[in-house]
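Chemist: Just so we're aligned: the sequence shown equals residues 163 to 307 in the numbering used here.
All residues carry an ideal CB built from backbone N, CA and C; glycine is no exception.
Before anything else, here's the structure in question.
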Amino acid sequence: MPQTKQSFEKHAQWTPLYHFVASPLVAFYAVYKVSQAFKAPSSATAWEAVFAIGVMAIVWSSRIMALTVQNRVIRLEMRLRLRELLSADLAKRIPELTTRQLIALRFASDAELPALVERTLKGEFASGKAIKAAVKDWQSDFLRA
Numbered sequence: 163m164p165q166t167k168q169s170f171e172k173h174a175q176w177t178p179l180y181h182f183v184a185s186p187l188v189a190f191y192a193v194y195k196v197s198q199a200f201k202a203p204s205s206a207t208a209w210e211a212v213f214a215i216g217v218m219a220i221v222w223s224s225r226i227m228a229l230t231v232q233n234r235v236i237r238l239e240m241r242l243r244l245r246e247l248l249s250a251d252l253a254k255r256i257p258e259l260t261t262r263q264l265i266a267l268r269f270a271s272d273a274e275l276p277a278l279v280e281r282t283l284k285g286e287f288a289s290g291k292a293i294k295a296a297v298k299d300w301q302s303d304f305l306r307a
């Protein structure tokens, strides 16, 4: 995990073992096995294709599960952080923030977070990407899966 400065333009992270090894391998294998099942249909090639698709589903679903847990942790972390930083009136509105909004807001510094939350709750941002683009003092996150 390279410890370089992140920014809005360059904060996406790749997990090499997943993105460049496991996922492509199982996808190519599944396509190969399905094409074999069509070229030489038999119960053996059909079951091999079904198994390959199952392995592909396991790899992809494991990634989805990891990201789901990670997003829940970010949501919890941000709610705790916001309780400490926001005024009482604004803190009451924390439940109105969606998980996607909280994930985007995590990159903001403590100093700019209250203003960004207020703008988010007013509906100024159409997406998480727009929230991240509004962050001035970017706080890097190197622990994302």
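Residues in its own chain within less than 6 Å of residue 199 by CB, not counting five upstream and five downstream?
Modeler: On the sequence shown, residue 199 is found 37 positions in, with the first residue counted as 1. Same-chain partners within the cutoff: 207, 208, 211.
Chemist: Does the stretch 221 to 228 come close enough to the stretch 246 to 262 that 3 or more CB-CB pairs lie under 8 Å?
Modeler: no
Chemist: Could you tell me if residue 279 is buried or exposed, where buried requires 16 or more neighbouring beta carbons within 10 angstroms of its beta carbon?
Modeler: Residue mapping note: residue 279 aligns to position 117 of the sequence shown, counting from 1. That one is buried.
Chemist: Please state whether the Cβ-Cβ distance between residue 299 and residue 277 is less than 8 Å.
Modeler: Within the sequence shown, numbered from 1, the residue matching residue 299 stands at position 137. Within the sequence shown, numbered from 1, the residue matching residue 277 stands at position 115. Contact: no.
Chemist: Between residue 282 and residue 250, what straight-line distance do the alpha-carbon atoms span, to the nearest angstrom?
Modeler: On the sequence shown, residue 282 is found 120 positions in, with the first residue counted as 1. On the sequence shown, residue 250 is found 88 positions in, with the first residue counted as 1. Across the structure, residue 282 and residue 250 are spaced so that their CA atoms are roughly 17 Å apart.
Chemist: If you drop the 5 nearest sequence neighbours on each side, which residues of the same chain put their C-beta closer than 8 Å to that of residue 194?
Modeler: The residue labelled residue 194 in the question sits at position 32 within the sequence shown. Cβ neighbours of residue 194 beyond the five flanking positions: 214.
Chemist: For residue 180, which option in 196, 293, 229, 201 has the closest C-alpha, if you only look at C-alpha atoms?
Modeler: Within the sequence shown, the letter at position 18 stands for residue 180. Closest option to residue 180, Cα to Cα, is 229.
Chemist: On a CA-only basis, which of 268, 286, 248 is nearest residue 304? Give me that one, please.
Modeler: In the sequence shown, residue 304 corresponds to position 142, counting from 1. Out of 268, 286, 248, 268 has the C-alpha closest to the C-alpha of residue 304.
Chemist: Can you tell which of 167, 288, 185, 275 has the C-alpha that lies nearest to the C-alpha of residue 297?
Modeler: Sequence index remark: in the sequence shown, residue 297 carries index 135 (1-based). That would be 275, whose Cα lies nearest to the Cα of residue 297.
Chemist: Would residue 263 pass as a contact of residue 285 if the rule is Cβ separation under 8 Å?
Modeler: Here residue 263 is taken as the residue at index 101 of the sequence shown, counted from 1. Here residue 285 is taken as the residue at index 123 of the sequence shown, counted from 1. Cβ atoms of residue 263 and residue 285: not closer than 8 Å.
Chemist: In whole angstroms, give me the CA-to-CA distance for residue 227 and residue 258.
Modeler: Numbered from its first residue, the sequence shown carries residue 227 at position 65. Numbered from its first residue, the sequence shown carries residue 258 at position 96. Taking the straight line from one Cα to the other gives about 24 Å.
Chemist: Can you check the stretch 163 to 233 for any alpha helix (DSSP H) of at least 4 residues that lies completely inside it and give the ranges in chain order?
Modeler: 185 to 201
Chemist: Excluding sequence positions up to five away, which residues of its chain have a Cβ less than 8 Å from the Cβ of residue 247?
Modeler: Within the sequence shown, the letter at position 85 stands for residue 247. Closer than 8 Å at the Cβ level, and outside the excluded window around residue 247, lie 272, 275, 276.
Chemist: Could you tell me the distance, in whole angstroms, from the CA atom of residue 216 to the CA atom of residue 244?
Modeler: Translated into positions along the sequence shown, residue 216 becomes position 54. Translated into positions along the sequence shown, residue 244 becomes position 82. If you take the alpha carbons of residue 216 and residue 244, they lie about 41 Å apart.
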